[in-house]
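**Student:** Mind having a look at this structure? Questions to follow.
Numbering (the UniProt record's numbering), first residue to last: 1 to 312.
Laid out in structure tokens, this is it:
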């Protein structure tokens, strides 16, 4: 059927996490709490790192960028879902849907690459400690942090340009935000180019960073085992454990959605995975990185005390 004979879609209907009305108050309260924690936690991380000169190091510079990305990733999806639940309206206009999809992929790609960059930073710090400051120069840190933003801009824009050529036969999306795979399933036209591009991008921004992370931590593990003192090994493991927790949370869900065969995908699995990397992971990251980090805890207490003193 030719695209010109199809009725154009002006808006989509987001069916949400559950179609059971009685669950909506519980979902609203749960995700509102998660979003507030996400915003407060990530903003505090950014403010703490930017306000304390002792934290102006490559590791914390990348962490501040990750917190900014997590804030954007959660803000792009969760507030719209909360508004839809509260207003009992599940509609989203076609332009808003594409905009939401653009920023979802934009922040998601930056997130994935930044996590790999942080693994490289830990690799240099542990395996080449004497040359750390020379290797991780301000110029290189700027490129490693800024590169993912520029790269993600063009990749996400390409997704949207490929999407605008599609014609949709239905408008009901079995999701709580405009994700790529559910939208492609609603299309009447050929989506083979879109699907090929999805696989290429998934290989570049999910599989490749994940392989780099595995390679970095393999070298780190070898270096840690060779440390003679038990205290030194414990300290090295401690600096990596937080980042490994984030790696497991993020890649454990994204690989399942974008690299597994489409035959094993279900709406429930996609929504559960999306909740993990759009709501749960951005909420947990501030706790993962701060609870076991004395530098951030100390700087955060100083920041809070300074605010209390100035307000009084």
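Cβ coordinates follow ideal geometry from the N, Cα and C atoms, glycine included. Since the model is a prediction, treat every value here as computed from it, not as a measurement.
If you reduce the DSSP assignment to three classes, tell me which class residue 6 lands in.
**Tutor:** Bear in mind that a pLDDT of 45 at residue 6, under 50, signals an unreliable position, so the number given afterwards is only what the model happens to contain. Residue 6: coil per DSSP, three-state reduction.
**Student:** Among 49, 136, 38, which has the Cα closest to the Cα of residue 284?
**Tutor:** The residue with the shortest Cα to Cα distance from residue 284 is 38.
**Student:** Under a three-way DSSP split, which group does residue 91 fall into?
**Tutor:** In this structure, residue 91 counts as strand in the three-state DSSP scheme.
**Student:** How about residue 249 and residue 276: are their beta carbons less than 8 Å apart?
**Tutor:** For residue 249 and residue 276, yes; Cβs fall inside 8 Å.
**Student:** So residue 14 and residue 65 are in contact, right, with Cβ under 8 Å, and what is the actual spacing, rounded?
**Tutor:** Contact flag wrong, Cβ pair sits at about 30 Å.
**Student:** At which residues does the alpha helix (DSSP H) containing residue 349 begin and terminate?
**Tutor:** Outside the modelled stretch of the chain, which goes from 1 to 312, sits residue 349, for which no answer is possible.
**Student:** Let's test the definition: count the other Cβ atoms within 10 Å of the Cβ of residue 33 and tell me whether it reaches 16, buried, or not, exposed.
**Tutor:** That one is exposed.
**Student:** Over what stretch of residues does the alpha helix (DSSP H) that includes residue 146 continue unbroken?
**Tutor:** First-last of the alpha helix (DSSP H) with residue 146: 138 to 163.
**Student:** To the nearest angstrom, report how far apart residue 165 and residue 75 are at their CA atoms.
**Tutor:** Roughly 27 Å separates the two Cα atoms.
**Student:** Can you have a look at residue 4 and say buried or exposed, based on whether 16 or more other CB atoms are within 10 angstroms of its CB?
**Tutor:** Low confidence applies to residue 4: its pLDDT is 42, below 50, so where it sits in the model is not reliable, and the reading given next is rough at best. That one is exposed.
**Student:** Which runs of the alpha helix (DSSP H) spanning at least 4 residues fall entirely within the stretch 66 to 115, listed in chain order?
**Tutor:** Counting whole runs of 4 or more residues, the stretch 66 to 115 contains no alpha helix (DSSP H) stretch at all.
**Student:** With a threshold of 16 other CB atoms inside 10 Å of the CB of residue 108, please say whether the residue is buried or exposed.
**Tutor:** That one is buried.
**Student:** Report back the beta-carbon spacing between residue 94 and residue 160 to the nearest angstrom; my notes put them in contact at under 8 Å.
**Tutor:** Residue 94 to residue 160, Cβ: 12 Å. No contact.
**Student:** Report the rounded CA-to-CA distance for residue 12 versus residue 219, giving the unit in angstroms.
**Tutor:** Going from the Cα of residue 12 to the Cα of residue 219 covers about 48 Å.
**Student:** Which one or two residues does DSSP pair with residue 168 in a beta bridge?
**Tutor:** Bridge partners of residue 168: 187.
**Student:** Does the contact criterion of 3 or more C-beta pairs under 8 Å hold for the stretch 41 to 61 versus the stretch 203 to 214?
**Tutor:** The stretch 41 to 61 is not in contact with the stretch 203 to 214.
**Student:** Can you give me the C-alpha to C-alpha distance between residue 43 and residue 63, rounded to a whole angstrom?
**Tutor:** So the alpha carbons of these two residues sit roughly 12 Å apart.
**Student:** Tell me whether the stretch 108 to 125 and the stretch 137 to 145 touch, counting them as touching only if at least three CB pairs, one residue from each stretch, are closer than 8 Å.
**Tutor:** Enough Cβ pairs lie closer than 8 Å, so yes.
**Student:** Excluding the five sequence neighbours on either side, which residues of its own chain have a C-beta within less than 8 Å of the C-beta of residue 19, listed in chain order?
**Tutor:** So the list is empty, once near-sequence residues are dropped.
**Student:** In terms of residue numbering, what span does the alpha helix (DSSP H) encompassing residue 209 cover?
**Tutor:** Residue 209 -> alpha helix (DSSP H) spans 208 to 225.
**Student:** Could you check which residue in 214, 201, 176 has the C-alpha nearest to that of residue 90?
**Tutor:** The shortest C-alpha separation from residue 90 is found at 176.
**Student:** Are residue 171 and residue 9 closer than 8 Å when you measure CB to CB?
**Tutor:** In this structure, residue 9 lies closer than 8 Å to residue 171 by Cβ.
**Student:** Can you tell me the Cα-Cα spacing of residue 53 and residue 134, whole angstroms?
**Tutor:** Near 19 Å, if we compare the C-alpha coordinates of residue 134 and residue 53.
**Student:** Use the C-beta contact count for residue 271: other C-beta atoms within 10 angstroms, 16 or more gives buried, fewer gives exposed.
**Tutor:** It is buried - the Cβ of residue 271 has at least 16 other Cβ atoms within 10 Å.
**Student:** Using 10 angstroms around the beta-carbon of residue 105, count the other beta-carbons present and answer buried if the total reaches 16, otherwise exposed.
**Tutor:** Label assigned to residue 105: buried.
**Student:** If you draw a straight line from the C-alpha of residue 6 to the C-alpha of residue 168, how long is it?
**Tutor:** Bear in mind that a pLDDT of 45 at residue 6, under 50, signals an unreliable position, so the number given afterwards is only what the model happens to contain. Distance between the alpha carbons of residue 6 and residue 168: 8 Å.
**Student:** Using the beta-carbon count (16 or more within 10 Å), is residue 196 buried or exposed?
**Tutor:** So residue 196 ends up on the exposed side.
**Student:** Assuming residue 183 contacts residue 173 under a Cβ cut-off of 8 Å, what Cβ separation, rounded to an integer in Å, is found between them?
**Tutor:** Indeed, because the Cβ distance is near 7 Å, the residues count as touching under 8 Å.
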